[in-house]
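Below: the structure, in structure tokens.
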Amino acid sequence: MKPMILPHLSLALALLAGCSSPPEVIDEQPAAIAEGVLAFRDICLKSAPSFAGAEHAAKAYGIARLDDAGYARMGLRPDRSLGVQVRKGLQCAVTTPAQADRTLTRQFLKIAEQFSSTPVAQDLPVRITLDRQTYLLMHDRRGGEAYVMLKHP
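Residue numbers (my numbering): 16 to 168.
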């Protein structure tokens, strides 16, 4: 009876081994930096602390102008694939449609590290110091991608 069990057991183990999946890697390195993260860098981080240059920088990303919405200036690409919202001296945000890329938050934090004069934490929200001013950064993934920079009081 033992000789009969061994081949069946070997076959079952071989089949189970084929079913195993490799562990999921959440923060794998991206092949390229996402356009929304690059736009945040160029529009928000590079124009801080006043954000006066944000409108000019947004033009390089296909946003013709930022319109006054009362509480902020806002603009969108004609195809709505990239949006910008700016409150001079207080807030800057870049939005894109939702993306399946699991590395976006890591990319966002890595770009922030390049501009902050203080260490950048690896969980959100995060504080950065730019031109001796403190900002809170957030990456909101609900309903799309929103990369946000708020002046901390």
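Just so it is clear, CB atoms sit at the ideal spot from N, CA and C, and this is done for glycine as well.
Handout entry: Cross-strand partners of C107 (DSSP beta bridge)
Key = For this step, residue 107 is matched to residue 92 along the sequence shown. DSSP lists V101 and M164 as partners of C107.
Exercise for the section: Check whether the segment 140 to 148 touches the segment 84 to 96, taking contact to mean three or more Cβ pairs, one atom from each stretch, closer than 8 angstroms. Expected result: no
Exercise for the section: Taking G51 as part of the alpha helix (DSSP H), name the residues at either end of that continuous run. Expected result: For the purposes of this step, residue 51 is taken as the residue at position 36 of the sequence shown. Per DSSP, G51 belongs to the alpha helix (DSSP H) from E50 to A54.
Handout entry: Candidates V52, A47, H167 and T110, of which the one nearest T149 by Cα
Key = Numbered from its first residue, the sequence shown carries residue 149 at position 134. Among V52, A47, H167 and T110, the Cα nearest to that of T149 is on H167.
Exercise for the section: Compare the beta carbon distance of G159 and A113 with 8 angstroms and say whether it is the shorter of the two. Expected result: As a position in the sequence shown, residue 159 is number 144, starting the count at 1. As a position in the sequence shown, residue 113 is number 98, starting the count at 1. Taking C-beta atoms as the reference points, G159 and A113 count as a pair closer than 8 angstroms.
Exercise for the section: In angstroms with no decimal places, state the Cα-to-Cα distance between K74 and R117. Expected result: For the purposes of this step, residue 74 is taken as the residue at position 59 of the sequence shown. For the purposes of this step, residue 117 is taken as the residue at position 102 of the sequence shown. Those two C-alpha atoms are separated by around 28 angstroms.
Exercise for the section: Report yes if the C-beta distance between T111 and L124 is below 8 angstroms; otherwise report no. Expected result: Here the question's residue 111 lines up with position 96 in the sequence shown. Here the question's residue 124 lines up with position 109 in the sequence shown. Their beta carbons are not under 8 angstroms apart, which means T111 does not touch L124 by this criterion.
Problem - Run of the beta strand (DSSP E) containing I143, from where it starts to where it stops - result: Counted from its first residue, the sequence shown places residue 143 at position 128. V141 to L145 is the extent of the beta strand (DSSP E) around I143.
Problem - Test item: CB-CB of F66 and V101 under 8 angstroms - result: As a first step, residue 66 is located in the sequence shown; it is residue number 51 there, counting from the start. As a first step, residue 101 is located in the sequence shown; it is residue number 86 there, counting from the start. In this structure, V101 lies closer than 8 angstroms to F66 by Cβ.
Practice task
Give me the Cβ distance between C107 and I58, rounded to the nearest whole Å; I'm assuming they're in contact under 8 angstroms.
Solution key: Numbered from its first residue, the sequence shown carries residue 107 at position 92. Numbered from its first residue, the sequence shown carries residue 58 at position 43. The Cβ separation is near 7 angstroms, so the contact holds.
Exercise for the section: Report the rounded CA-to-CA distance for R121 versus G51, giving the unit in angstroms. Expected result: As a first step, residue 121 must be located in the sequence shown, where it is residue number 106. As a first step, residue 51 must be located in the sequence shown, where it is residue number 36. Each residue's Cα considered, the two are about 13 angstroms apart.
Exercise for the section: Assign R56 to one of two classes, buried (16 or more other C-beta atoms within 10 Å of its C-beta) or exposed (fewer than that). Expected result: Position 41 of the sequence shown, counted from the start, is the residue given in the question as residue 56. Classification of R56: buried, given that the 10 Å Cβ count is 16 or more.
Exercise for the section: State yes or no: is the C-beta of H154 within less than 8 angstroms of the C-beta of L119? Expected result: Taking the sequence shown and counting its residues from 1, one reaches residue 154 at position 139. Taking the sequence shown and counting its residues from 1, one reaches residue 119 at position 104. Yes. Within cutoff.
Practice task
Please go through the same chain and pick out, in chain order, the residues whose beta-carbon is closer than 6 angstroms to the beta-carbon of V163, but skip the five residues on each side of it.
Solution key: Residue numbering aside, residue 163 sits at position 148 when the sequence shown is read from its first letter. Cβ neighbours of V163 beyond the five flanking positions: A108 and M153.
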